[in-house]
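J.:
Residue numbers (the working numbering), protein chains in the order written: chain A, 1063 to 1374; chain B, 1063 to 1374.
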């Protein structure tokens, strides 16, 4: 059972919250692309960036960024919307590159053909590169863009942390472990390490960025780091479970692909039942970390529950 | 003939200058990689980053960054060494991705097998991603790293400009034009556009970063922007010329590849003789822009000349 903390608002409508944040994020992504990407060139890259950013992505990472900012001071989305969009760009770039023939060779993503199928391989490589770079361009944009003043030193810290999480201190390293460990059995510790790099690092960076840019205290940032570590791993364990139990129509991607590729997953290493227990325990631990926060953290609390209840 | 401005120091030893800066840059690159890249994982990515960053690269872009900082106040390399290293990481990432089978499919780079040949394609894609990300991690590093205080707002401007130049406002767009215009004749204007995106943008950003982080005034930064635009194009025209006339042993890569691939180059579009004239005129214009600078700009003056005299 998910522990319901004392201050947990049972009237909170998570679906409305997620939908409203998704809408804001999509709007900003669209505007940033329009404003800063040179569509005047008739650019194939612009089209492919738009194609891959659009669609029914959950926007889980940028929403976590926003929710973390709200948790530390009941703050405003505007404080962190650029960082949130940048994080979604980085997530999208990683999907494009992971899907490439030389890596996972996936044809369907977010319910439509992957970038290298819809365009071609060279375009997909370059579009990933463009989104990764565009993320840092967005992160370092002048404050005027949102009409909000963000402390420059805090912003530099956030840029540093996101770069670390996306790079060889996180996602890139995790994907390398993933690609090179196919057809080889990982221990549970190696698997946890791989997941913490591949998925956990950017989820942690999302929460960290929201907490720092939202003006959080050192104590709040520290607590949210622990929260993020737990839900980050829970998120990936649930992804592994969905790859077995999920419905492709709902997920927008094929199921069963991990088994076919002999990928190391939680269900493969510890079994399906134990995987579910692990995910639940991680979410419980995450919720406990939020005890010191007031109702401003309710979105984070509900998102933690959603992470293991989601169908896609 | 190259115009020799009044204050041009004919005793200046460019080779010593380049060698000394190359040494500094290589040392910092090596230290950054040791310190921030997780070699403890026994990481293939770490090895591939080291492999591609090492070698006999000219380090032209980071040296331009340092020389620009020196020009605006006779300043110190320390002000800009992190930005200089980040720029070299971005340049190296772009070479790795451009060399991939889906793009230029090159086997030799900087005198040794390209990354996807020495490692494999998945590793090469990820290593490019890692270097691109590592560049922004390096750019946003705490000032403590160099013992120098850099103004945070200036640093954010530099990050924004470098991201723009590397991304779909520059290199990525230029490479897309390059890949998609093989077997199609470009006009001289289209060719100039492609070069200004593919090569010019990062060269401009290098000079801009040095000028801004070196504490340049708006007027100095503006003048150096014009200088950079001219030498950036001259650099690429010379590259086109070298691809025809250069010696593979000196260049560390094959010659004649542009013709084989039916690539659009200056010699192809306007002829070899006219290409040399264009390059010379661009360098002359660049030198003229430096007239308002004192002897602190001598390295930039000599580098401008070197750009069209170089053999690799």
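Virtual Cβ for every residue (Gly too), placed ideally from N, Cα, C.
1. Quick check: residue 1169 of chain B and residue 1176 of chain B, are their CB atoms within less than 7 angstroms of each other?
2. Give a yes or no on whether the C-beta atoms belonging to residue 1264 of chain B and residue 1238 of chain B are separated by under 7 angstroms.
3. Report the rounded CA-to-CA distance for residue 1354 of chain A versus residue 1278 of chain A, giving the unit in angstroms.
4. List, in order along the chain, the chain B residues whose C-beta lies closer than 8 angstroms to that of residue 1107 of chain A?
5. Might you give, ordered along the chain, the residues of its own chain that have their beta carbon closer than 8 angstroms to the beta carbon of residue 1219 of chain A, omitting 5 neighbours on each side?
6. List, from N- to C-terminal side, the alpha helix (DSSP H) runs of 4 residues or more that fit wholly inside the stretch 1085-1162 of chain B.
7. Quick check: the stretch 1113-1131 of chain B against the stretch 1245-1258 of chain A, are there 3 or more CB pairs under 8 angstroms?
8. Pull the bridge partners of residue 1174 of chain A from the DSSP assignment, please.
9. Rounded to the nearest angstrom, what separates residue 1330 of chain B and residue 1302 of chain B at their Cα positions?
10. Between residue 1282 of chain A and residue 1134 of chain A, what straight-line distance do the alpha-carbon atoms span, to the nearest angstrom?
11. Select from A/1246, A/1105 and A/1293 the residue whose C-alpha is nearest the C-alpha of residue 1320 of chain A.
12. Determine the chain A residues that contact residue 1114 of chain B at a beta-carbon separation under 7 angstroms, and present them in chain order.
13. Kindly say whether residue 1283 of chain A, judged by its beta-carbon, lies nearer than 7 angstroms to any beta-carbon of chain B.
14. When Cβ atoms are compared, which residues of the stretch 1173-1189 of chain B fall closer than 9 angstroms to chain E?
15. What are the boundary residues of the alpha helix (DSSP H) that residue 1255 of chain B is part of?
16. Alpha carbon to alpha carbon, what distance is there between residue 1268 of chain B and residue 1080 of chain B?
17. Give the interface partners of residue 1203 of chain A over in chain B, defined as CB-CB distance under 9 angstroms, in chain order.
18. What do you reckon, are the CB atoms on residue 1147 of chain B and residue 1211 of chain B nearer than 7 angstroms?
19. So with Cβ pairs under 7 angstroms, would you call residue 1068 of chain A a contact of chain B?
20. Give a yes or no on whether 7 angstroms exceeds the smallest Cβ distance from residue 1357 of chain B to chain A.
21. Using a Cβ-Cβ cutoff of less than 7 angstroms, which residues in the same chain neighbour residue 1297 of chain A once the five nearest sequence positions on both sides are dropped?
22. Any beta carbon of chain A sitting closer than 7 angstroms to that of residue 1078 of chain B?
23. Please work out which residues of its chain come closer than 7 angstroms, Cβ to Cβ, to residue 1188 of chain A, disregarding the five sequence neighbours upstream and downstream, and give them in chain order.
24. Measuring alpha carbon to alpha carbon, tell me which of B/1334, B/1332, B/1289 and B/1310 ends up nearest residue 1130 of chain B.
25. Determine, using beta carbons only, whether residue 1166 of chain B comes closer than 7 angstroms to chain A.
26. Here's the rule I'm using: 16 or more other beta-carbon atoms within 10 Å means buried, otherwise exposed. How should residue 1073 of chain B be labelled?
27. Mind reading off the beta-carbon distance from residue 1128 of chain B to residue 1142 of chain B? Whole number of angstroms is fine, and I expect it under 8 angstroms.
28. Between the beta-carbon of residue 1154 of chain B and the beta-carbon of residue 1229 of chain A, is there less than 7 angstroms?
29. Consult DSSP for residue 1197 of chain B and reduce its assignment to one of helix, strand or coil.
30. Please report the straight-line C-alpha distance between residue 1367 of chain B and residue 1342 of chain B, rounded to a whole angstrom.
31. For residue 1375 of chain A, would you say it is in contact with chain B, using Cβ-to-Cβ distances shorter than 7 angstroms as the test?
32. Return the residues of the stretch 1135-1161 of chain A that lie within a Cβ-Cβ distance of less than 9 angstroms from chain B, sorted by chain order.
33. Run the CB neighbour count on residue 1223 of chain A, radius 10 Å, all protein chains shown included, and call it buried at 16 or more, exposed below.
34. Report the CB separation of residue 1348 of chain A from residue 1293 of chain A in whole angstroms; it is logged as a contact under 8 angstroms.
35. What does residue 1225 of chain A reach in chain B if we use C-beta pairs closer than 9 angstroms?
T.: To lay it out plainly:
1. Along the second chain, one-based indexing puts residue 1169 of chain B at 107. Along the second chain, one-based indexing puts residue 1176 of chain B at 114. Yes, the Cβ-Cβ distance between residue 1169 of chain B and residue 1176 of chain B is below 7 angstroms.
2. Here residue 1264 of chain B corresponds to residue number 202 of the second chain, with the count starting at 1. Here residue 1238 of chain B corresponds to residue number 176 of the second chain, with the count starting at 1. No, the Cβ-Cβ distance between residue 1264 of chain B and residue 1238 of chain B is not below 7 angstroms.
3. On the first chain, position 292 is the one that residue 1354 of chain A refers to. On the first chain, position 216 is the one that residue 1278 of chain A refers to. Whole-angstrom Cα-Cα distance: 13 angstroms.
4. Stepping through the first chain from its first residue, residue 1107 of chain A is reached at position 45. Near residue 1107 of chain A (Cβ distances below 8 angstroms), the residues of chain B are 1230, 1234, 1235 and 1238.
5. Here residue 1219 of chain A refers to the residue found at position 157 of the first chain. Answer for residue 1219 of chain A: 1274, listed in chain order.
6. 1106-1115, 1122-1135 and 1143-1160
7. no
8. Looking up residue 1174 of chain A in the first chain gives position 112. Paired residue(s): A/1171.
9. Taking the second chain and counting its residues from 1, the one referred to as residue 1330 of chain B is at position 268. Taking the second chain and counting its residues from 1, the one referred to as residue 1302 of chain B is at position 240. Going by the C-alpha atoms only, they are around 9 angstroms apart.
10. Walking along the first chain from the start, residue 1282 of chain A turns up at place 220. Walking along the first chain from the start, residue 1134 of chain A turns up at place 72. Answer to the nearest angstrom: the Cα atoms are 7 angstroms apart.
11. Translated into positions along the first chain, residue 1320 of chain A becomes position 258. The option with the nearest alpha carbon to residue 1320 of chain A is A/1246.
12. Counting from one through the second chain, the residue named residue 1114 of chain B turns up at place 52. What residue 1114 of chain B touches in chain A: nothing, since even the nearest Cβ is about 13 angstroms away.
13. Counted from its first residue, the first chain places residue 1283 of chain A at position 221. No, no contact with chain B.
14. Here chain E cannot be found, since the structure's protein chains are A and B.
15. Taking the first residue of the second chain as position 1, residue 1255 of chain B is located at position 193. Here the alpha helix (DSSP H) through residue 1255 of chain B covers 1250-1257.
16. Your numbering for residue 1080 of chain B matches position 18 in the second chain. Your numbering for residue 1268 of chain B matches position 206 in the second chain. One C-alpha to the other measures close to 16 angstroms.
17. In the first chain, residue 1203 of chain A corresponds to position 141, counting from 1. Neighbours of residue 1203 of chain A on chain B, chain order: 1218 and 1222.
18. If you number the second chain from 1, residue 1147 of chain B lands on position 85. If you number the second chain from 1, residue 1211 of chain B lands on position 149. No, these two residues do not count as a Cβ contact at 7 angstroms.
19. On the first chain, position 6 is the one that residue 1068 of chain A refers to. Bear in mind that a pLDDT of 48 at residue 1068 of chain A, under 50, signals an unreliable position, so the number given afterwards is only what the model happens to contain. No, residue 1068 of chain A lies away from the interface with chain B (no Cβ there is under 7 angstroms from its Cβ).
20. Here residue 1357 of chain B corresponds to residue number 295 of the second chain, with the count starting at 1. Not closer than 7 angstroms to any Cβ of chain A, the Cβ of residue 1357 of chain B fails to qualify, so no.
21. Within the first chain, numbered from 1, the residue matching residue 1297 of chain A stands at position 235. Contacts found: 1261, 1265 and 1369.
22. What you label residue 1078 of chain B is simply residue 16 of the second chain in a count that begins at 1. No, because no Cβ of chain A sits closer than 7 angstroms to the Cβ of residue 1078 of chain B.
23. Residue 1188 of chain A sits at position 126 when you count from the first residue of the first chain. 1107.
24. Along the second chain, read from residue 1 onward, the residue named residue 1130 of chain B stands at position 68. It is B/1289.
25. Here residue 1166 of chain B is taken as the residue at index 104 of the second chain, counted from 1. Judged by the 7 angstroms Cβ criterion, residue 1166 of chain B is not in contact with chain A.
26. By one-based count along the second chain, residue 1073 of chain B stands at place 11. Under this definition residue 1073 of chain B is an exposed residue.
27. Sequence index remark: in the second chain, residue 1128 of chain B carries index 66 (1-based). Sequence index remark: in the second chain, residue 1142 of chain B carries index 80 (1-based). Contact flag correct, Cβ pair sits at about 6 angstroms.
28. Here the question's residue 1154 of chain B lines up with position 92 in the second chain. Here the question's residue 1229 of chain A lines up with position 167 in the first chain. In this structure, residue 1229 of chain A does not lie closer than 7 angstroms to residue 1154 of chain B by Cβ.
29. If you number the second chain from 1, residue 1197 of chain B lands on position 135. In this structure, residue 1197 of chain B counts as helix in the three-state DSSP scheme.
30. Mapped onto the second chain, residue 1367 of chain B falls at position 305. Mapped onto the second chain, residue 1342 of chain B falls at position 280. Rounded to the nearest angstrom, the two C-alpha atoms are 9 angstroms apart.
31. Since the first residue shown for chain A is 1063 and the last is 1374, residue 1375 of chain A is missing from the structure and cannot be characterised.
32. 1152, 1155, 1156 and 1159
33. Stepping through the first chain from its first residue, residue 1223 of chain A is reached at position 161. With 16 or more Cβ atoms within 10 Å of its Cβ, residue 1223 of chain A is classed as buried.
34. Numbered from 1 along the first chain, position 286 holds the residue referred to as residue 1348 of chain A. Numbered from 1 along the first chain, position 231 holds the residue referred to as residue 1293 of chain A. Right, the Cβ-Cβ distance comes to about 5 angstroms (below 8 angstroms), so this counts as a contact.
35. Taking the first residue of the first chain as 1, we reach residue 1225 of chain A at position 163. Near residue 1225 of chain A (Cβ distances below 9 angstroms), the residues of chain B are 1195, 1196, 1197, 1198, 1199, 1200, 1201 and 1202.
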